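Q: Here it is, the structure, as structure tokens.
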Amino acid sequence: MELLAAAFSAACAVDHDSSTSESDTRDSAAGHLPGSESSSTPGNGTTPEECPALTDSPTTLTEALQMIHPIPADSWRNLIEQIGLLYQEYRDKSTLQEIETRRQQDAEIQGNSDGSQVGEDAGEEEEEGEEEEELASPPERRALPQICLLSNPHSRFNLWQDLPEIQSSGVLDILQPEEIKLQEAMFELVTSEASYYKSLNLLVSHFMENERLKKILHPSEAHILFSNVLDVMAVSERFLLELEHRMEENIVISDVCDIVYRYAADHFSVYITYVSNQTYQERTYKQLLQEKATFRELIAQLELDPKCKGLPFSSFLILPFQRITRLKLLVQNILKRVEERSEREGTALDAHKELEMVVKACNEGVRKMSRTEQMISIQKKMEFKIKSVPIISHSRWLLKQGELQQMSGPKTSRTLRTKKLFREIYLFLFNDLLVICRQIPGDKYQVFDSAPRGLLRVEELEDQGQTLANVFILRLLENADDREATYMLKASSQSEMKRWMTSLAPNRRTKFVSFTSRLLDCPQVQCVHPYVAQQPDELTLELADILNILEKTEDGWIFGERLHDQERGWFPSSMTEEILNPKIRSQNLKECFRVHKMEDPQRSQNKDRRKLGSRNRQ
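See the structure below:
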């Protein structure tokens with residue numbers, strides 16, 4: 001075993017040497033045998049007795065791992081088939097574990113930093129003695145991954161390193177802790193896909209194909225409710241099968257991101273079709289519950305089946321959207337673990353970029369459906385006192401709307417202290433246009449001014465007493481009359497004022513960090529309670545999301561930027577908890593930069609050649 005460890009260390013050193021050949025580097029990064037035929041047949045591994053040169057002068061990681069036999073196909077299939085967690089259960093447990101792991105890391109680093117302060121005051125002799133002790137004792141090889149799968153007493157949903165085949169192989173004594181974490185990250189992607197497929201299969205077999213439900217639903221209602229879920233399930237089945245075949249090649253997983261990349265580029269467009277239907281799906285489901293008692297009673301009865309484990313029908317309907325977003329995060333977790341400038345990093349970056357495109361297309365599909373209806377509704381409610389402005393546009397959407405108080409009279413704040421002249425106005429802020437109205441009877445709005453969003457400027461007034469609390473100045477550099485106009489506006493609370501200012505002028509500097517720079521250390525939070533956005537300027541949060549704080553109000557609201565997708569929005573601070581340790585914040589930012597770093601032009605060029613003619617995305 002010591003010889004194998006030495007071989008592994010030497011292989012890693014050679015892997016980083018610039019003189020190593022391109023093929024050796026690729027095999028070293030992948031960590032599997034060259035040629036799938038030899039690696040997939042038990043007993044073909046080379047032993048030290050058969051190849052003594054390996055123990056004397058190992059050259060690559062591949063050679064060091066040739067001693068490890070592949071896992072029999074039946075073993076993996078049994079593992080996959082016996083997974084007892086539905087995807088909803090897995091997802092909740094996994095994210096909760098991720099939150100708890102971050103808390104422990106934060107506390108450990110905080111404790112270590114406190115201990116280091118004490119250690120500095122101790123003598124140099126004691127430090128030298130500790131160093132000798134560290135050298136004498138073997139390092140701990142096994143490591144708990146940041147996102148780990150929880151064992152379940154009713155399933156074999158375990159960690160990669162806990163599998164009997166892994167335990168008996170001796171590979172844990174060879175691999176470094178970071179490689180073990182990487183193996184866990186890849187293993188989680190595979191087993192979570194199995195759990196997801198299990199839940200999809202239940203949606204189809206238990207709900208969609210129920211004979212009583214088929215009789216209750218009109219074909220058009222069934223089509224809207226279930227959309228192309230059969231296509232989604234078929235893609236998941238093929239995807240899972242390829243992942244299983246890769247796992248069967250070697251107990252040390254070589255890579256999975258190359259498979260993810262190929263499926264994201266060529267097959268995951270089925271997710272865009274399904275998710276884009278979400279608005280109509282939700283509306284149809286609500287109508288059916290309200291208008292068809294037989295449907296409501298049958299769904300309630302089906303939900304009580306032990307197969308569903310107490311989960312509602314709606315949680316099965318949103319599975320594809322949850323999976324495609326979670327898959328991107330799982331690839332991110334792999335990307336954080338792979339060797340920099342390695343082949344595996346390249347495939348992980350490719351897979352992540354493709355998944356980002358799919359997720360973005362899914363989000364745009366959902367938004368487009370709802371935005372069109374919303375813009376038509378707003379247009380109908382507007383009456384123009386000025387020259388009419390066309391509201392409906394394919395490239396326009398609503399960012400924020402609401403009532404504010406316009407403070408009339410002289411512009412000086414001292415005069416306003418004695419004159420309480422407030423008049424209610426209503427603002428519609430679109431991504432490219434501001435429309436200022438007054439509400440009139442009949443749920444109508446009379447438009448009296450407007451300006452392009454790019455010609456808006458805001459300024460917060462200093463605290464000048466209760467009368468001017470939560471007041472800000474809005475300047476229209478060029479309004480509907482082609483003149484500059486100034487409005488003094490009063491909001492109902494500090495958070496409402498900040499939210500309007502952020503929406504009206506998104507590129508201004510904030511209290512914590514410049515919007516154009518992510519290089520500074522700024523406060524961070526992680527989501528500990530899920531939150532669904534209630535307004536267009538709010539951000540929906542998922543458990544374990546990490547966000548930079550860009551703005552914060554005293555009445556409990558945060559304007560933040562989510563690290564994994566750079567989406568920004570407001571959310572209640574009570575949904576999150578702050579990450580206090582600067583080392584953890586720095587680590588989170590570093591991982592974020594790595595995930596979203598610019599691609600190597602040569603690698604991008606090669607990727608484009610591979611993709612040429614392969615994608616047919618609607």
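For reference, each letter of the sequence shown is one residue, going 1 to 618 in full-length UniProt numbering.
Beta carbons: idealized from backbone N, C-alpha and C, even for Gly.
Because the structure is a prediction, the values reported are computed rather than measured.
State the CB to CB distance for the pair residue 336 and residue 568, rounded to an integer number of angstroms; the pair is presumed to be in contact (CB under 8 angstroms).
A: Not really, about 22 angstroms apart at Cβ, beyond 8 angstroms.
Q: Pick helix, strand or coil for residue 255, following the three-state DSSP scheme.
A: coil
Q: Is it buried or exposed for residue 312, if we count other Cβ within 10 angstroms and need 16 for buried?
A: exposed
Q: What three-state label does DSSP hand residue 579 in the structure shown?
A: strand
Q: Quick one: using the 10 Å Cβ neighbour count with 16 as the cut-off for buried, is residue 389 buried or exposed?
A: exposed
Q: In three-state DSSP terms, what is residue 522?
A: Correct three-state label for residue 522: coil.
Q: Alpha carbon to alpha carbon, how far is residue 579 from residue 480? Give it in angstroms, no decimals.
A: In this structure, the CA atom of residue 480 is about 46 angstroms from the CA atom of residue 579.
Q: Using the C-alpha atoms, what's the distance from residue 499 back to residue 550?
A: 12 angstroms
Q: Can you give me the start and stop residues for the beta strand (DSSP E) that residue 435 sits inside?
A: 433–440
Q: Are the segment 279–298 and the segment 234–251 in contact at 8 angstroms, needing three or more beta carbon pairs?
A: no
Q: Using the C-alpha atoms, what's the distance from residue 327 back to residue 347?
A: 15 angstroms
Q: With the cut-off set at 8 angstroms, would you say residue 487 and residue 401 are in Cβ contact?
A: no
Q: Can residue 404 and residue 425 be called in contact, C-beta distance under 8 angstroms?
A: yes
Q: Beta carbon of residue 355, beta carbon of residue 331: below 8 angstroms?
A: It is a contact, given that the beta carbons lie within the stated cut-off.
Q: Where residue 344 and residue 277 are concerned, what is the direct C-alpha to C-alpha distance, given to the nearest angstrom?
A: 35 angstroms
Q: Report the start-end ranges of each beta strand (DSSP E) in the segment 365–413 that is 3 residues or longer and not cut off at the edges.
A: Inside the segment 365–413, DSSP marks whole beta strand (DSSP E) runs of 3 or more residues at positions 382–384 and 398–407, from first to last along the chain.
Q: Quick one: is residue 102 buried, meaning 16 or more other Cβ sit within 10 Å of its Cβ, or exposed?
A: buried
Q: In angstroms with no decimal places, state the Cα-to-Cα distance between residue 150 and residue 586.
A: The pLDDT assigned to residue 150 is 32, lower than 50, so where the model puts this residue is not dependable; a value taken from the coordinates is nonetheless given after this. Approximately 28 angstroms between the Cα atoms of the pair.
Q: Excluding the 5 residues flanking residue 99 on each side, which residues of the same chain have their C-beta closer than 7 angstroms to its C-beta?
A: 526, 528, 543 and 544
Q: Considering only C-alpha positions, which residue in the set 474, 363, 385 and 396 is nearest to residue 373?
A: 396
Q: Might you give, ordered along the chain, the residues of its own chain that have their beta carbon closer than 7 angstroms to the beta carbon of residue 554, omitting 5 neighbours on each side?
A: 494
Q: With DSSP as the reference, identify every bridge partner of residue 451, one or two as the case may be.
A: 434
Q: Just verifying my parser: in three-state terms, what is the DSSP assignment at residue 292?
A: coil
Q: Between residue 281 and residue 216, how many whole angstroms is the CB-CB distance? I'm expecting something under 8 angstroms.
A: 17 angstroms between Cβ atoms; not a contact.
Q: Could you tell me if residue 394 is buried or exposed, where buried requires 16 or more neighbouring beta carbons within 10 angstroms of its beta carbon?
A: Residue environment analysis places residue 394 among the exposed positions, since fewer than 16 neighbouring C-beta atoms fall within 10 angstroms of its C-beta.
Q: Residue 261 and residue 194 - do their beta-carbons sit closer together than 8 angstroms?
A: no
Q: In the structure shown, what three-state DSSP assignment does residue 486 receive?
A: strand
Q: Can you tell me whether residue 337 is helix, strand or coil according to DSSP?
A: helix
Q: Classify residue 179 as helix, strand or coil using the three-state DSSP reduction.
A: helix
Q: When you compare the CB positions of residue 671 and residue 270, do they come within less than 8 angstroms of one another, or not?
A: A query on residue 671 cannot be resolved here, the shown segment of the chain reaching from 1 to 618 and no further.
Q: Helix, strand or coil, according to DSSP, for residue 130 in the structure here?
A: With a pLDDT of only 42 at residue 130, under 50, the local geometry of the prediction cannot be trusted, and the value read off the model is given with reservation. Three-state result, residue 130: helix.
Q: On the DSSP bridge list, what partners appear for residue 426?
A: 403 and 437
Q: Look up residue 531 in the DSSP assignment and give the residues it is bridged to.
A: 541
Q: Quick one: is residue 432 buried, meaning 16 or more other Cβ sit within 10 Å of its Cβ, or exposed?
A: exposed
Q: Report the three-state DSSP secondary structure of residue 566 (helix, strand or coil).
A: coil
Q: Determine the DSSP secondary structure at residue 588, reduced to helix, strand or coil.
A: helix
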